[in-house]
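Report on the structure given below.
Numbering (my numbering), first residue to last: 7 to 1055.
This is the structure in structure tokens:
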């Protein structure tokens, strides 16, 4: 492509355009100002400009920045003031979506034209595929192949053991294989292939897998149509088919309406598109009409092929727009991110024409720094004695693994040197025009290719006492907690293997060290750990999933927080497994297969990022995929020393026609194609990584040991040759320089690395591996107390004559209620339903609703939330009180309670709850904080969750919903309920949790009591929607009520 170097101010708005936005060149600025130009220079309104982004996070950020841009323009420009004011007044209607959000909107709005189910429910293809595979194996194989089945399984490569990855391979391909995108399976399925098993030239390798994959895709579509289901990816395929005249008779009419609605389309991150998405935009904006399309992207940053993104589609689309539709081609010329010396180094590394191969269709365009001083970033002082690009000399290392460990130690040394210099930090910087400040640990980012690369980094940072956080984009099911769960389920599935139980002892649930286990020859059957394990095995065999997963939490001490895991993630995993186990009636092997299949799937990215929230500056460790779109003052490239291993036993590559092929045979030609595409993909991934820093970049400089050549990763195969070509001979000392390994960082080898073998020292345990259950095993747990346990303790100690067996009187929404024909909707099931809807409902929707009936109308978001809760809990409600029209009665009562509750003016708050913006509310806050040990209370933890914390002005309010059924809801009756249920103790507990969190967020100067507006307990059955004379308890706490020691006594 012959690009024109141009900023957004120079774009021709009358033509289609392909905009290449290299890293750091202001892509978001370009999009927001392109929208501004369209509004002010073209006869177009905001709702006629469709903007599609890649992620929900990007969508939210773009909306905020675009609104700010329009507000600034309104203040500066009187000529276009009416148009800009109109746009801002209706900004919430601006069509800014992710691609899935856009397609979902079209599915809702044009369901009739698409022939789509109005009430389709969203599902997960992975769960359905798992079930359908078993069904096909049991039924379809026997029906299709008859007596030949046994011979077919033997010759077709079907495993004879459950550990073979055959099933996981089939499910993985079935999940990613999309014939509508032009995908191919290799080998192609032969007609009657199973009838030639006895022929001398019979070749059935891969045929059974291909047959099963195609049947899976066929059955998946049938099941979803029959049940009215739609998956996340279906949203795109449904819309694409609805716009295709060959598949939908109403397609022309639908496309015409969309062309009339959208005069301009702007598609961000277009390098991550696929064939279906491209067809959607092509039909709307290119095939006919006067609409204009701008695609914005960077093929150099196309790194998400494992999620379905298809670089050849981007390249073909750009060529088609230019050749057939006269599109302009622009390249953004200015890099606003990186300091000028660093930018010169990057231009030299990437700009020699060899980083991206000619076959890739990608070229690198030199970018320049802004004219004059960059207003965004600046180095105020620099005593680091480091160039913009530091090449850390590791050429003395004989092994790649050794080089990786040495680089990890250099990272720890360098961060310590830069941040903890004898005279303070060695640099001060200014970011985004902010005042200059000294650098800290949070300015440093270490990039790795996979989680295993982070292990030596973590070890080195721990040794140097440097705090760090690991940003993960691999997802919940790739977490340490998921790994521990999978290991435990594996051991339960093989109870007769001695090694299985010993492996279970190493998980977080037992927390036995490898050294302790190595010294223990056996664990007798009467041992408490063995008895607990046997109990779990019994639960698993009987499919008592609730009992099993509750025991994993409550009988192991993991809730104490000292097991090295994230308790919230573990809870989420166990809740999901419990639901899946019951929903699919899985046995233990079925549940284990489901976990394995889920852990094989790639993460969802932004939704599962887990950033640190403590406020303490920490070194950031993250994968190169996770870092896309981010920037950091200082970056170490610490991944890619070794190449990844393909454990799928199948190959994925593009053929000569750029069609994606799933190859189950993998011959030499396929291996070469895979290798070529792997190198091209790694070149793009490393481009993303190297373009993240603002000021300084640290790169490992390695040689290629002949013995390690087969294991060498991109650091040696891509980065090393590029550095040899460009650095440091072509660059000055300020731009790039070689850094020798400092003596302080070259630590002595660890015992396992030392050449001299030493006699192994025996670790002597202070006591037995597992003490008796009534003694030390209890000490391995940490006591976790909640409001319920404190309430019981308080009643037992109360001076009102409580005797053995007394318990606090439960409130109506906490205790089971007897069947009541007059009011069946009471008790914990209904109370949970009300809580869940309030937590998720759009408060603004309630504010707009004239009556509670408006929340029940078809299509309302509130109606969908209520129906979801009703479907999930209707069985429990029916078993309590079977009445006619129970679903409608339940829906109407929930709507009425919520409508009156959220619209009741609260005098001390000075507002209705429905008027509090979403950004000033936090729902369902889980907390776990340590007790303060003294002579009367044992050290432990306090846990629970608060219903709602909100901010009004500069005050914070704590709220709790109660669905208690009382005789009346006057202030006196509510006060009696608060006392009887010991809710005063409860809100004191919640206040302590809120105080700890807010003080951590705002810092030491935050005065909790001064900023505390008060505590509300809202009895929703008594709220009248007019005033707070009924159903409302309000209290302004004092300092004495925050005394945690007194509360826990």
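For glycine and all other residues, C-beta sits at the position ideal for the given N, C-alpha and C.
Taking 7 Å as the limit between beta carbons, can you name the residues of its chain near residue i, skipping five residues before and five after?
| i | result |
| --- | --- |
| residue 118 | none |
| residue 965 | 953, 954, 956, 1022, 1024 |
| residue 603 | 132, 136, 174, 177 |
| residue 605 | 483, 484, 488, 492 |
| residue 902 | 858 |
| residue 672 | 656, 657 |
| residue 459 | 644, 645 |
Residues in the same chain with beta-carbon distance under 8 Å from residue i, minus the five sequence neighbours each way, listed in chain order, please.
| i | result |
| --- | --- |
| residue 89 | 45, 46, 51 |
| residue 464 | 474, 476, 627 |
| residue 159 | 214 |
| residue 443 | 434, 435, 436 |
| residue 675 | none |
Drop a sphere of 10 angstroms on the beta-carbon of residue i, count the other beta-carbons inside from all chains shown, and report buried for 16 or more, exposed for fewer.
| i | result |
| --- | --- |
| residue 39 | buried |
| residue 345 | buried |
| residue 1007 | exposed |
| residue 1058 | The requested residue 1058 does not occur in the structure, where the chain is confined to residues 7 to 1055. |
| residue 291 | buried |
| residue 411 | buried |
| residue 417 | buried |
| residue 240 | buried |
| residue 401 | exposed |
| residue 678 | exposed |
| residue 15 | exposed |
| residue 414 | buried |
| residue 505 | exposed |
| residue 247 | buried |
| residue 1035 | exposed |
| residue 405 | exposed |
| residue 1046 | exposed |
| residue 275 | buried |
| residue 312 | exposed |
If you compare alpha carbons, which of the options is closest to residue i?
| i | options | result |
| --- | --- | --- |
| residue 473 | 677, 390, 627 | 627 |
| residue 153 | 138, 171, 201 | 201 |
| residue 368 | 1017, 321, 150, 139 | 321 |
| residue 358 | 727, 709, 75, 336 | 727 |
| residue 701 | 961, 927, 351 | 351 |
| residue 867 | 848, 857, 157, 877 | 848 |
| residue 913 | 448, 717, 1040 | 1040 |
| residue 338 | 10, 643, 453, 71 | 10 |
| residue 181 | 197, 993, 138, 860 | 138 |
| residue 470 | 423, 429, 971, 688 | 423 |
For chain D, is any of its Cβ atoms less than 9 Å away from the one on residue i?
| i | result |
| --- | --- |
| residue 23 | Although the question refers to chain D, the structure presented lacks it and comprises just one protein chain. |
Quick check: the Cα distance between residue i and residue j, rounded to an integer number of angstroms?
| i | j | result |
| --- | --- | --- |
| residue 955 | residue 134 | 38 Å |
| residue 1043 | residue 987 | 18 Å |
| residue 582 | residue 59 | 30 Å |
| residue 265 | residue 297 | 7 Å |
| residue 638 | residue 1012 | 29 Å |
| residue 407 | residue 235 | 49 Å |
| residue 668 | residue 658 | 5 Å |
| residue 452 | residue 723 | 20 Å |
| residue 816 | residue 547 | Reliability of the predicted coordinates at residue 816 is poor, the pLDDT of 40 falling under 50, and the value obtained from them is presented with this limitation in mind. Approximately 34 Å between the Cα atoms of the pair. |
| residue 382 | residue 995 | 46 Å |
| residue 446 | residue 744 | 24 Å |
| residue 1015 | residue 985 | 23 Å |
Under 8 Å by Cβ, that's how I've got residue i and residue j pegged, so tell me the actual separation to the nearest angstrom.
| i | j | result |
| --- | --- | --- |
| residue 862 | residue 893 | Wrong, their Cβ atoms sit about 11 Å apart, outside the cutoff. |
| residue 280 | residue 304 | With a Cβ gap of about 17 Å, residue 280 and residue 304 do not count as contacting. |
| residue 630 | residue 895 | Contact doesn't hold; Cβ gap of about 55 Å is too wide. |
| residue 840 | residue 1038 | 16 Å between Cβ atoms; not a contact. |
| residue 31 | residue 341 | 6 Å |
By Cβ distance below 6 Å, which residues in the same chain neighbour residue i in space, the five residues on each side in sequence not counted?
| i | result |
| --- | --- |
| residue 649 | 719 |
| residue 109 | 241, 242, 245 |
| residue 698 | 633, 637, 638, 641 |
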